[in-house]
Amino acid sequence: MHIKEIELNNFKSFGRRAKIPFFDDFTTISGPNGSGKSNVVDSIVFCLGLSNSRSMRAEKLTDLIYSVDGKSSGTAEVTIRFDNTDRELPVDQDEVTVTRRIKSSDSGYYSYYYFNDKPCSLSEIHEQLLKARISPNSYNVIMQGDVTRIIEVSDFERRKIIDEIAGTAEFDEKTDKALAELDIVRERIDRVSIIISEVEARLAQLKSERDQALLYKSYKDEKARNEGYLVLSELKEAQQVLDSLLEDIADKASKRQAVIAEAEKKGAAVQKLKDDIKALNDTITEKGEGEQLLIKRRIEEARAGIKACSNIIEFSRSEIASRESEKQKLFLEAERAKGQVEELDGKIAGEEARKLSLANEYAFRKGSLEEVQKKMSAIDARFAGVRTRLSEVKAALEASRNLRNEKLREKDRILDAARRKQDEEQDAVAEIASSRSRIEEARVEAGNIEKDIVELQKKAQALDADISDMEGARSRARHELSGIEEKLRKLQEEYAKAEARVRAYEDYDGYSEAVGAILSARNSHELPGIYGTIAELGKVREEYATALEVAAGSRLQNIVVDNDEDAARCIYYLKERRLGTATFLPLNRMRQRLPLRAIREPGVIDYAINLVEFDSRFDPAFWYVFGDTLVVDTLETARRLIGTGRIVTLDGDLIEKSGAMTGGFRSRAKLRFKASEEERIKALAEQITIQESSRDSILKKIESIEGHIYSLKKDRSAIEAQASKLNARKEELAGRASRLEAAIKEKEAAIEALREERRRLRDELIAAEDAISSADKDIAAVSAEAARLEEELKGSEMPSLTEEAGRIEEEMRRLEGRIRDTESAIAALRMEKGYVSARIEESRERGARIDEDIASLREKIAQNEAQIHDFEKDIEEMSTREKEIDAELAGMKRQREAMSEALSKADQDLYETRRSLERLTAMLNTLEVSREECLEKIKSLEKAVQERGIQPSEDVPPLEKVKATISLLEKKMQALEPVNMLSITEYDSVQARLTELTGKRDTLQKERENILEKIEHYKKMKKETFLATFNAINGHFKEIFKELSDGFGELILENPDDPFSGGLTIHAQPQGKSLHRLEAMSGGEKSLTALAFIFAIQRHMPAPFYVFDEIDMFLDGANAERVARMIKKLAKDAQFIVVSLRKPMIESANRTIGIAMQENNISSITGVKLRAG
Amino acid sequence: EVLSIAHKEDIEKSILELGSLLDREFAYREFVMFSELITDNTPRGIVDVYLPLLFLANRKYVTLIQENIFEDILIRRSRQVG
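Protein chains in written order, with the working numbering: chain A, 45 to 1217; chain B, 5 to 86.
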């Protein structure tokens, strides 16, 4: 890829649109200073946005817009066209353009980039260019200042050039990130450690409580076990009771079995007796009350039958006689009636003949009338029927049509309604589906939220635990702090007091004037050989101070001197000055200490001399002061020992060997052992320092704990806020779901209703259609009939026929009257004849009946006589049988009485047996209830025993021992009370928490190590990357430098082991010269070296084109030549655009472009081709 | 070597030389073509003429007109100097 053309428009000195063509070779741009030749380079930097690290030669974008006399068009533009035939830029185009335009407006200046005429951002341009190995850091555009910069910057900055090229910043960023992570982890470790120490403290506290609780529990268990033995003994007793019960039950059960068998046997016997008696009874009943009675009744019946038969016979005979007389009377009457009938028959025949002639005439008339009427009615009936039918048919037709129209309208209405309902139904179905899916969505989301909330709650709980632990730690620390502060306050007070006291000594307070004078003389070196007073030389412990001061008494201010001569000198000194007296203890003359008897008595502390610390050479002096004085604790102890020696108590009460006792309230003497005070001050100061440092550390700890608490609380409130937000969301979702559910239900009901409606409509529709088709049929039929009827209606011939009919009818009425008269006469005659005939018939019938009666009566008489004979025979038989039965019955009744007696005896016996069975059963039931109770008791006792950890099979230890053990355990338990039994579980949970926290800390520490490793790794990588780049560039540098100067040059790291702590310098040795550092070179050498450096960088990171702006400015002729040659050589592989005024450079190029500032200060462009190419 | 002479001093001298050469030409004609000025058609020969010419143009002594880049250049005396 290379630059094909640069188009400048209003850019700096290029006031007019100008295009500069370039080729993929070596082009120089030349022109006098101020012609604007460097503006071409600026335009490239401007257009490609390469000005990141190195500034362009214009301060502001406004200065880039061509202006003349302060007037400007307000816009400038540069377009660079790249030849991309080699597809170095991965864009499938032979030409790629980049354009940048700036515009000024009232509100400021705007910059626009275009890639292939499409607007884009600078970073997009960079992204594209980077693909073709062009970047702001790639050193392919070298400005005038770059060469001098390389020379002039510090070694450190120069090294950074390599940093930049190697891209070490990436590792720095990563390291920074890792460090930030490390901070967080460190903070977390800190926090966890605080919590762990708190939890450990709590655990320690809980442990003792728990141990006590466990001990208590073990006592309790032991007690329960022992109580179990008591229960066990109860159990054993119960088992014995059960055994005896079982035995008893078995015994009673077998007895009962026997009784049951007996009762059964007896029952069977009773039953048999009963059966026998019953059978006998049946026989007696059969014989006595059955047969005997029957026979008697039959005899009676037979006697009654005989009597009845005799009566019938007698009655029949009298009847026969009366019938005979009646028969004769009837015969006479019949003869008379026959004559009457003959007479009547004659009269009737006359009347009948007359009637017949009248009837014939009438029949004739009637025939003609019927003829006429038939004609009339035929005509009339026909036409009247047709008319009414026609009007009916027309009405029916109208009705059918109306019905049909109505049904059609109804059908339309139904169809419309059905369509509407269907639409509504579909809408409702769709709505239900969408509601369902929304419910599902809500459900899924709610589920997720639920999980999140649970997660958050867990976190919040963990945080709560952390916070409470932290707060515990804080309150503990505060408590500790207040303790320390209290101690500190006391120490400081004491320190102030002790200091004041020491100061007081220094003013010789408490010493006599003489002693004070001697001490001053010693301090001023006026007198030699003076060691000091006893008070000064001895060190005592505070608690013994009073006792020892009392023991020493006034000898406390005795002055120890080296020898008697010194003592004498001092005495003279006092005399001369009249300063009073003092006692001196010359070491060379004092008596040595005597061996002291060891005293082992309660209350005795030690000999006074042993409680004072002093230099051993002062031993004789202290022996003189204290002698064998004994220090004891109290006055009581001292009293016990009176007479054994000189004794002093800790309170300072003194008892002489003689028994003299001195004591009472003692204010602290002013004169004290100074050495002890000084020691004490030192110790106090030390303690104060210690306390202060521990106070500071606790304060710091509190502060850090508070920081942790604050951040934990912040975390927790953040979680709570999040949780409440999620909860609100969840509620909202639930509300939505229930709303949707309700909507679905509503819709479903609506659908159901709609379906129902549609079904109804469909039925209606079918009905309507049926109605329509039947109406159609009706209409067709009725229309046809109407047409036919209308055709039929025509004229008639009624009037003449009516008249004739009237005449005939009159005649007929007259005839009818006469016929009726005749008929009534005939009827009267016939009636009379009927009466007579009936009488005759009646008489004849009666006669016949009477004959029949007589015959039947005679037969009856015969029958009854035969029956009477039968009855008499029966009576005779029955009487015989009756006598037989009476004899049989008497025997049987006697037998029955005997059997009844036996039965009542057997019954009594059975009753007795059953009573005894009942008794046995009752006893057995009672026993079984007892057994159940006993078993129940055993079961519950066994359970109780097992609950106490004892097997029911175990033996019971002696109960007295058990009871004793229980009361002992109770006492032990009471001693332990109150016991926090909860501490056991609490201990476990705290222990678990501790384990968890420890694990957490371990994880964090591992994490910390990982981060540290990572940082180390980044450091190493950074160094490796840097060194790789450095070595590569250095190698190139050496080659290039040699080529350019025939000498030797190399890049030197100040600190090769840690390159980042040092700079980079360049050593060079041009041919025939000595080795110089960069700083020591001449200007030309510096330029050349810097150029070699730049070329080395370029070789390390090759770019498709290079732009140099007057890099040869400071080179001498020979070096300019060498550089030109190098560029010419390099131009075989890449495009070079070099701004130069140096002839060797210009001459080496293939072309040169000349820039000259012509009219209106516009740079003009011309070009000359120097070589074919 | 011969090449190692200082170019700067060289240029001022060649500007004056080219100026007087052009003066002579402009005495009798309106413009001169760049190719007419080239006596040594080597890169150095071309540059030796082209560079001073650019200086003269920049000093508004002449105006350079090139229809198509890298082709011949028309050199005309600048108006304000005329």
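Note that the Cβ used here is the ideal one computed from N, Cα and C, for glycine as well.
Quick one: grab the DSSP three-state call for A/Val303. helix
Residues bridged to A/Cys614 [DSSP beta-bridge criterion]: For A/Cys614, which the question treats as bridged, DSSP gives no partner whatsoever.
Can you list, in chain order, the residues of its chain whose CB lies under 7 angstroms from that of B/Glu21, leaving out five sequence neighbours each side? none
Taking a cut of 7 angstroms between CB atoms, which residues from the region 57-69 of chain A lie near chain B? Pro65
Residues in its own chain within less than 8 angstroms of A/Trp667 by CB, not counting five upstream and five downstream? Met634, Arg635, Gln636, Arg637, Leu638, Ile653
Residues bridged to A/Gly1093 by DSSP? A/Ala1112
Could you check what DSSP says for A/Ile493 in three-state terms: helix, strand or coil? helix
So, under 8 angstroms CB-CB, A/His1144 and A/Ala1076 are touching, yes? Tell me the CB distance rounded to an integer number of Å. 5 angstroms
Taking 8 angstroms as the CB-CB limit, is A/Arg1215 close to chain B? yes
According to DSSP, is A/His913 part of a helix, a strand, or is it coil? helix
Of all Cβ atoms in chain B, is any one closer than 8 angstroms to the Cβ of A/Val1212? yes
Name the two residues that bound the continuous alpha helix (DSSP H) containing A/Phe200. 199-210
In terms of DSSP beta bridges, what is A/Ile1 paired with? The requested residue 1 of chain A does not occur in the structure, where chain A is confined to residues 45 to 1217.
Assuming contact is defined by CB atoms lying nearer than 8 angstroms, are A/Ala1200 and A/Leu1214 in contact in what I supplied? no
Report the three-state DSSP secondary structure of A/Thr688 (helix, strand or coil). coil
Output the boundary residues of the alpha helix (DSSP H) element that contains A/His170. 166-175
Any beta carbon of chain A sitting closer than 8 angstroms to that of B/Tyr54? yes
Check whether the region 331-343 of chain A and the region 866-883 of chain A touch, using three or more Cβ-Cβ pairs below 8 angstroms as the test. no
First and last residue of the alpha helix (DSSP H) that includes A/Gln636? A/Gln636 -> no alpha helix (DSSP H), and no H or E assigned at all.
Residue burial classification, A/Glu593 (beta-carbon count within 10 angstroms, cutoff 16): buried
Can you tell me the Cβ-Cβ gap for A/Val605 and A/Ile578, rounded? I've got them flagged as a contact below 8 angstroms. Actually they are not in contact, since the Cβ atoms of A/Val605 and A/Ile578 sit about 12 angstroms apart, beyond 8 angstroms.
Start and end residues, beta strand (DSSP E) containing A/Ser1208: 1207-1213
A/Leu674 to A/Ser660, Cα distance in whole Å? 20 angstroms
Reference A/Ile64, options A/Phe126, A/His1061, A/Gln766, closest by Cα: A/Phe126
Please list, in chain order, the chain B residues whose beta carbon lies closer than 9 angstroms to that of A/Gln1202. Ala61, Asn62, Lys64, Thr67, Leu68, Ser82
Mapping DSSP to helix, strand and coil, what is A/Gln1179? strand
Nearest-angstrom Cα distance between A/Asp650 and A/Ser738? 37 angstroms
Report the neighbours of A/Pro1114 on chain B: residues whose CB is nearer than 9 angstroms to its CB, in chain order. Chain B residues near A/Pro1114: none, gap ~15 angstroms exceeds 9 angstroms.
What residues from chain A crowd round B/Leu26, counting only those whose CB sits closer than 8 angstroms? Under the 8 angstroms cutoff, chain A gives no residues; its nearest Cβ is about 15 angstroms from B/Leu26.
Does the beta carbon of B/Ile79 come closer than 8 angstroms to any beta carbon on chain A? no
Do A/Cys978 and A/Ala282 have their C-beta atoms closer together than 8 angstroms? yes
Report buried or exposed for A/Lys774, applying the criterion of at least 16 other Cβ atoms within 10 angstroms of its Cβ. buried
Could you tell me whether the Cβ of B/Ala10 comes closer than 8 angstroms to any Cβ of chain A? Confidence in B/Ala10 is poor, its pLDDT being 43 and thus under 50, which makes the residue's placement unreliable; the coordinate value appears in the next sentence. True, the Cβ-Cβ gap to chain A drops below 8 angstroms.
Going by CA-CA distance only, name the one from A/Tyr157, A/Gln470, A/Ile47 that's closest to A/Phe90. A/Tyr157
Using CA atoms only, rank isn't needed, just tell me which of A/Pro1103, A/Ile1155, A/Ser1105, A/Gly1116 is closest to A/Gly1127. A/Ile1155
For the region 916-934 of chain A against the region 375-382 of chain A, are there 3 or more C-beta pairs whose distance is under 8 angstroms? no
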